[in-house]
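J.: Here it is: the structure, laid out below.
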Amino acid sequence: MISQTITILLLTLAGLSAGSVLFWTIRLGIGPTPTSGKVRNRIRSCLPEEVSGAIIELGCGWGQLIPLLQEKYPEQRIQAWERSPLPALFTHWFCGIEVKRRDFFEADVKEAGLIICYLFPGAMARIEKEIIPRLPAGCWILTHTFSLPGRVPVKTMKADDLYRTPVYLYQIN
Ligand SMILES: C[S@@+](CC[C@H](N)C(=O)[O-])C[C@H]1O[C@@H](n2cnc3c(N)ncnc32)[C@H](O)[C@@H]1O
């Protein structure tokens, strides 16, 4: 009887979790797909040496990029934004950082030193229009797979994976 109750509880929990992730994936137009290990390796070699200002991840998902940022910038404040509750909680618990569970288009980016994200073309176009104009001069933007439509990167590198995934680094003038 107890084991049946536990099974039902676990199944309900799994169903609710999957439902929540699915709901936010449909709502946002993208799921919490993690950046692969090979792309993370390429990102590691592209990260700027000097970053002055906050490090902000737009849509951190399950936090795959956070350890890499913590390793490279141990002294810097890292702030992540994630709308999907489960990935946001997961990242907060496992990476020990502040995760804002809100729309990242509301982020205060005027003191950002590095923006990092992995999104989709529609979101990149919106970032170009709504976030880039609010960034301070010198701020870095690192993204992969999809570029910012109206900007020329200072550096583009390919990951050593099947798709030769591009990693783009931009800097605000
Ligand atoms: C493809 S995942 C990338 C996850 C992580 N950055 C990585 O590279 O492993 C994109 C994430 O952005 C989140 N997201 C998309 N639009 C958002 C928005 N407007 N505000 C907050 N989070 C958003 C999604 O929920 C998803 O978890």
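The sequence shown lines up with residues 77 to 249 when you count with this note's numbering. Note that CB positions come from ideal geometry on N, CA and C, so glycine has one too.
(1) Helix, strand or coil: how does DSSP classify M200 here?
(2) Can you list, in chain order, the residues of its chain with a C-beta nearer than 8 angstroms to that of N117? Leave out the 5 residues immediately preceding and following it.
(3) What's the C-alpha gap between R178 and R159?
(4) Do the segment 185 to 198 and the segment 161 to 172 touch if we need at least three Cβ pairs shorter than 8 angstroms?
(5) On a CA-only basis, which of L92, E151 and Q155 is nearest V31? Give me that one, please.
(6) Where does T111 sit, in a helix, a strand or coil, going by DSSP?
(7) Please list the terminal residues of the continuous beta strand (DSSP E) segment that includes R242.
(8) For ligand 1, any of its heavy atoms closer than 7 angstroms to the Cβ of F180?
(9) Between P212 and ligand 1, is the CB less than 7 angstroms from at least one heavy atom?
(10) Cβ of W216 within 8 angstroms of Cβ of P124?
T.: Reading it off the structure:
(1) For the purposes of this step, residue 200 is taken as the residue at position 124 of the sequence shown. Note: M200 maps to helix in three-state DSSP.
(2) Reading the sequence shown from its first residue, position 41 is the one you call residue 117. Hits under 8 angstroms: A235 and D236.
(3) Residue mapping note: residue 178 aligns to position 102 of the sequence shown, counting from 1. Residue mapping note: residue 159 aligns to position 83 of the sequence shown, counting from 1. One C-alpha to the other measures close to 5 angstroms.
(4) Result no; under three Cβ-Cβ pairs closer than 8 angstroms.
(5) The question about residue 31 has no answer here: the residues shown for the chain are numbered 77 through 249.
(6) Walking along the sequence shown from the start, residue 111 turns up at place 35. Residue state, collapsed to three classes: coil.
(7) Here residue 242 refers to the residue found at position 166 of the sequence shown. The question names Arg, but residue 242 is Pro in the sequence shown. That run of the beta strand (DSSP E) goes P242 to Q247.
(8) Translated into the one-based positions of the sequence shown, residue 180 becomes position 104. For ligand 1, at least one heavy atom lies less than 7 angstroms from the Cβ of F180.
(9) Numbered from its first residue, the sequence shown carries residue 212 at position 136. Outside the cutoff, so no.
(10) Reading the sequence shown from its first residue, position 140 is the one you call residue 216. Reading the sequence shown from its first residue, position 48 is the one you call residue 124. Yes.
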